[in-house]
Amino acid sequence: MRVGGYIALVLGLACACGARAGEKADEHNVTYKSGIAYDSNYFADTNRLSAISLRAGFGLNGKIALEGAELRYSLEQEEVRLPRYRFANEHNTIAALGLTKRFSEKLEWALELRGTRSDAGDIFLHLPEEDIGYRQLDHKLEASSQLGILALGGKNTLTASVASLMKGKARFRPAYFLPTRLEANEALLSLKAEHARSLGGGEAGLTLAYDRIAVPEGQQEKYERFPANTLRGSLAYGYRFSDRFAVLVEAGFTSISGDEISDKVKRTRPYLRAEAEVKATERIAFGAGFSQDYALFDPDDPIAEFHRRFQFVIKSRLTEKVGLDLALHRVHKDWIYYNYDTSERRLVATLSFDTGKNSKLEVEFNRLLHGERDTDLAYSGSSITSRFSGTF
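Shown next as structure tokens:
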């Protein structure tokens, strides 16, 4: 979510429940995108292999008004080609279906289903005479249900979601090795209860969240991926001082537990999130944010990581049809299973051109610095990308 997105979410909670589920008119769109990029370290590792990639995508999305409800759908297909490393070509399909049902002025229910099929590749071994890569077909299924109730002086939201990541076998190119599984399957169960209400001219919120990662027992030791769960409680307050300045602060505690977690690990830590958004003029806006919390789903560590994130964003409109965005991201990751930590710093500059007819052209520069406690494993990379996208 963009910087300031949480601010808009918190400050708009009271209005969200009042939004009508299902407009009178249906809406259907076709989206398209294409692009070319050069990356000095495409696989983001110490091999530092450069590559040119070609991307193209096509999608359908829309909504259908039903009696007292709204049905949303989307289907997207993306193709990525690497002329130099064909084993890393990608074929990605994403399908989503959502339903929002409004039972009364105080009760609303939403259901979201999403499926992703990813047929992609990566580098396995870089040798002076050749590169050995592999391809892997993964599937990800997600489902969430949310119930919104206006009661107790505010809006109450109950959310339950599950995400299942099913890893396929690695198929090596060239086929020097038999197809084999490299990673374990995993599933994330999330339960969340939220209460938000007006307070002192702003919005105050209370959140209780429980997450549990599950891994098949037969794959845990073999692939070093272990189950764990986290429990978080936090209080939030968002305030809009004017049309140009808004802040959000959320604080609480988050705790992790699991059979494979060492007694030396600090299991309960402060949960923090702070964001600010400033609209300096009609043409330029600034945003800054900091957060820290556990990350359970698909980490590099066998159990989980504790992330500290900082981001700073500048959004500007140079002319009526030309925009320039600058973003600085930094994340520090404390590993839970291993006594280890990594960090990433990223600078992204995006120049966008409104080409009319609901289309735009973007040119983006991306610089990544990846740091590790073992400096021999640190790496960096830069990329420049040109993208064209639109809707009709």
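Numbering (mature numbering (1 follows the signal peptide of the UniProt record, and there is no 0)) for the sequence shown: -21 to -1, 1 to 371. Don't be surprised by glycine CBs; every beta carbon is placed ideally from N, CA and C. Quantities reported herein were computed from a predicted structural model and do not represent experimental measurements.
Can you name the start and end residues of the beta strand (DSSP E) that residue 201 belongs to? Sequence index remark: in the sequence shown, residue 201 carries index 222 (1-based). Counting along the chain, residue 201 falls outside any beta strand (DSSP E), though it belongs to the alpha helix (DSSP H) covering 196 to 202.
On the DSSP letters alone, give me the boundaries of the beta strand (DSSP E) that residue 449 sits inside. Nothing about residue 449 can be reported from this structure: the residues present for the chain run from -21 to 371 only.
For the ligand MG, any of its heavy atoms closer than 7 Å to the Cβ of residue 107? As presented, the structure is devoid of all ligands, the ligand MG included, so that no description of it is given.
Between the Cα of residue 57 and the Cα atoms of 288, 11 and 266, which residue gives the shortest distance? To locate residue 57, count along the sequence shown from 1; it is residue 78. For the residues 288, 11 and 266, the minimum Cα distance to residue 57 belongs to 11.
Do you know whose CA, among 264, 281, 251 and 258, lies nearest residue 241's CA? For the purposes of this step, residue 241 is identified with residue 262 of the sequence shown, where counting begins at 1. Out of 264, 281, 251 and 258, 281 has the C-alpha closest to the C-alpha of residue 241.
Determine, using beta carbons only, whether residue 89 and residue 52 come nearer to each other than 8 Å. By 1-based counting over the sequence shown, the position of residue 89 is 110. By 1-based counting over the sequence shown, the position of residue 52 is 73. No, the Cβ-Cβ distance between residue 89 and residue 52 is not below 8 Å.
Whole angstroms are fine: how far does the CA of residue 348 sit from the CA of residue 361? To locate residue 361, count along the sequence shown from 1; it is residue 382. To locate residue 348, count along the sequence shown from 1; it is residue 369. Distance between the alpha carbons of residue 361 and residue 348: 9 Å.
Between which two residues does the beta strand (DSSP E) carrying residue 370 extend? On the sequence shown, position 391 is the one that residue 370 refers to. Segment 358 to 370, the beta strand (DSSP E) holding residue 370.
Can you give the beta carbon distance from residue 68 to residue 60, rounded, assuming they're within the 8 Å contact cut? Counted from its first residue, the sequence shown places residue 68 at position 89. Counted from its first residue, the sequence shown places residue 60 at position 81. Taking C-beta atoms under 8 Å as the contact rule, residue 68 and residue 60 qualify, at a distance of about 6 Å.
Relative to the C-alpha of residue 179, which residue among 186, 265 and 220 is closest? The residue given as residue 179 occupies position 200 in the sequence shown. If we check each option's Cα against that of residue 179, 220 comes out closest.
Who are the Cβ neighbours of residue 351 in its own chain at under 6 Å, not counting the five residues just before and after it? Here the question's residue 351 lines up with position 372 in the sequence shown. These residues qualify, in order along the chain: 321 and 357.
Burial state of residue -15 (16 or more Cβ within 10 Å): Start at 1 with the first residue of the sequence shown, and residue -15 comes out as number 7. Because the pLDDT at residue -15 is just 37, under 50, the model does not fix this residue reliably, and the point stays unresolved.
DSSP three-state label for residue 27, please. Counted from its first residue, the sequence shown places residue 27 at position 48. It is coil, neither helix nor strand.
To test your reading of the DSSP string, which unbroken beta strand (DSSP E) runs of 3 or more residues are found completely within the segment 121 to 170? Correct list: 133 to 145 and 149 to 152.
Could you give the distance in angstroms between the alpha-carbon of residue 193 and the alpha-carbon of residue 310? By 1-based counting over the sequence shown, the position of residue 193 is 214. By 1-based counting over the sequence shown, the position of residue 310 is 331. Spanning the two alpha carbons is a distance of roughly 25 Å.
Nonlocal neighbours in the same chain, by C-beta distance under 6 Å from residue 119, ignoring five residues either side: Against the sequence shown, residue 119 aligns to sequence position 140. So the list reads 95 and 144, once near-sequence residues are dropped.
Could you check the C-alpha separation between residue 1 and residue 203 for me, to the nearest Å? Position 22 of the sequence shown, counted from the first residue, corresponds to residue 1. Position 224 of the sequence shown, counted from the first residue, corresponds to residue 203. With a pLDDT of only 39 at residue 1, under 50, the local geometry of the prediction cannot be trusted, and the value read off the model is given with reservation. If I take the Cα positions, the gap works out to 46 Å.
For residue 80 and residue 32, I'd like the C-alpha separation in whole angstroms. Within the sequence shown, residue 80 is the residue found at index 101, counting from 1. Within the sequence shown, residue 32 is the residue found at index 53, counting from 1. Their backbone Cα atoms lie some 42 Å apart in a straight line.
Who pairs with residue 258 in a beta bridge, going by DSSP? As a first step, residue 258 must be located in the sequence shown, where it is residue number 279. Paired residues: 264.
Rounded C-alpha distance that separates residue 339 from residue 297: As a working mapping, residue 339 is identified with position 360 in the sequence shown. As a working mapping, residue 297 is identified with position 318 in the sequence shown. Taking the straight line from one Cα to the other gives about 15 Å.
According to the neighbour-count rule (16 or more other Cβ atoms, all chains shown, within 10 Å of its Cβ), is residue 135 buried or exposed? The sequence position of residue 135 within the sequence shown is 156, counting from 1. It is buried - the Cβ of residue 135 has at least 16 other Cβ atoms within 10 Å.
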